[in-house]
Every structure is written in C-alpha cells, then in structure tokens.
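Have a look at the structure below, then the notes.
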Amino acid sequence: MLTAAIQYKRVIRDITGEDALLDYSMMAGEWTALENLCEVLGDATTYFSREDANLATVIPAMDKLDAMLATAVVRKRGDESDVVLAAPMRAAVLVAKDTLNKYYSLSDESEVYRIALVLHPKHKTGYFDDHNWPVDWKTDANALIRRVFD
Numbered sequence: 021m022l023t024a025a026i027q028y029k030r031v032i033r034d035i036t037g038e039d040a041l042l043d044y045s046m047m048a049g050e051w052t053a054l055e056n057l058c059e060v061l062g063d064a065t066t067y068f069s070r071e072d073a074n075l076a077t078v079i080p081a082m083d084k085l086d087a088m089l090a091t092a093v094v095r096k097r098g099d100e101s102d103v104v105l106a107a108p109m110r111a112a113v114l115v116a117k118d119t120l121n122k123y124y125s126l127s128d129e130s131e132v133y134r135i136a137l138v139l140h141p142k143h144k145t146g147y148f149d150d151h152n153w154p155v156d157w158k159t160d161a162n163a164l165i166r167r168v169f170d
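Residue numbers (the numbering used here): 21 to 170.
Right, here's the structure in full:
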C-alpha cells in the first residue's frame with residue numbers, strides 16, 4: 021500500500037490540493053518520511069525472507085527496526101531532523117511499532133531465540149549489555165544454555 025501511495029504521489033497531491041482537502045495533504049517532508057519508511061520496511065521484509073536468515077539475527081534486526089520506528093514517532097518540530105511526521109502518520113507508525121512489539125514479545129516465549137543469540141559468535145551475552153537489557157535476562161540466558169547443553 022505504501023508503494024502504491026508513493027507511485028501515485030502526484031495524483032494524490034492533485035486531489036488533496038483542493039481547498040476542502042488541503043488539511044489532509046502531505047507535506048514534502050512527510051512524503052520523504054513515507055518513502056524512507058517504505059524503503060526500511062521493504063529491506064526488513066527482504067531480510068527476514070532470505071533463505072539464509074537465522075534466528076540469531078532476528079532479535080538484533082527487530083531491535084533496529086523498533087528503534088527506527090520509535091525515533092520517527094518522538095520527533096518534534098525543532099529537532100535536528102527536518103522530517104517531522106504529522107499526527108496521522110505518527111499514529112500509523114505507532115500501530116506499526118505496536119505490531120512489531122507484539123511479535124517481539126512472542127520471542128520471549130521461545131527459548132530458541134535466546135539460545136541462538138547467546139551462541140552466535142558476534143553477539144554472545146554482550147548483546148544483553150550493549151542494549152541495556154536487565155541483568156536477570158542475561159543470567160537467565162546463561163542458565164538456559166547450561167541447562168540445555170550440559
């Protein structure tokens with residue numbers, strides 16, 4: 021749907037350019053934000069759909085996407101970024117963030133994600149420290165590894 025909106029940007033601008041619909045038109049910065057969001061979500065979809073995707077990279081990728089969505093939501097006028105989302109777009113990004121967090125929290129129910137993250141040579145338990153996760157999560161992950169592999 022985002023791709024279709026971007027492809028029909030000119031038509032949408034023509035339609036919303038009328039006085040009655042002017043309040044609903046998107047500003048240039050919002051179109052830029054939409055294009056960037058479409059690119060990021062497209063990259064995420066491609067990334068998670070790869071044949072060689074593995075469990076150890078799912079959590080870091082979801083963390084990165086979550087941070088990007090959180091940044092888009094909290095930007096206010098006067099921030100360093102010149103792209104500030106209007107209220108309807110912020111609401112849509114919040115829905116996307118909530119949906120991501122719903123699936124992210126489901127990963128807590130599976131021990132496999134924690135095992136894969138801790139056993140991955142790049143991450144190990146340092147990932148917990150690097151992302152300021154609670155100390156007990158790291159302790160639990162180490163105990164899980166011992167329980168499963170001892």
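Ideal Cβ placement from N, Cα and C applies to all residues, glycine included.
None of the values given here were measured: they were computed from a predicted structure.
Please give me, in chain order, every unbroken run of the alpha helix (DSSP H) with length at least 4 that falls completely inside the segment 67 to 137. 75 to 94, 107 to 126
Excluding the 5 residues preceding and the 5 following residue 132 in the sequence, name in chain order all residues of the same chain whose CB lies nearer than 7 Å to its CB. 75
For the 8 Å Cβ check, are there 3 or more pairs between the segment 133 to 146 and the segment 77 to 84? yes
On the three-pair Cβ rule with 8 Å, is the segment 107 to 119 touching the segment 82 to 91? yes
Please return the same chain residues whose Cβ sits closer than 6 Å to the Cβ of residue 124, not counting the five positions on each side in sequence. 82
On the three-state DSSP scale, how would you describe residue 152? coil
Inter-residue spacing [alpha-carbon to alpha-carbon] between residue 112 and residue 73: 28 Å
Under 7 Å Cβ to Cβ from residue 157, same chain only, skipping five residues before and after it: list those, please. 148
For residue 126 and residue 34, I'd like the C-alpha separation in whole angstroms. 43 Å
Cβ separation of residue 64 and residue 85, assumed to be a contact under 8 Å, to the nearest whole Å: 6 Å
Candidates 49, 27, 109, 164: which alpha carbon is nearest residue 129's? 164
From 54, 135, 26, pick the residue whose C-alpha is nearest to that of residue 161; which is it? 135
Buried or exposed (CB count within 10 angstroms, at least 16 for buried), residue 31: exposed
Can you tell which of 48, 146, 55, 50 has the C-alpha that lies nearest to the C-alpha of residue 24? 55
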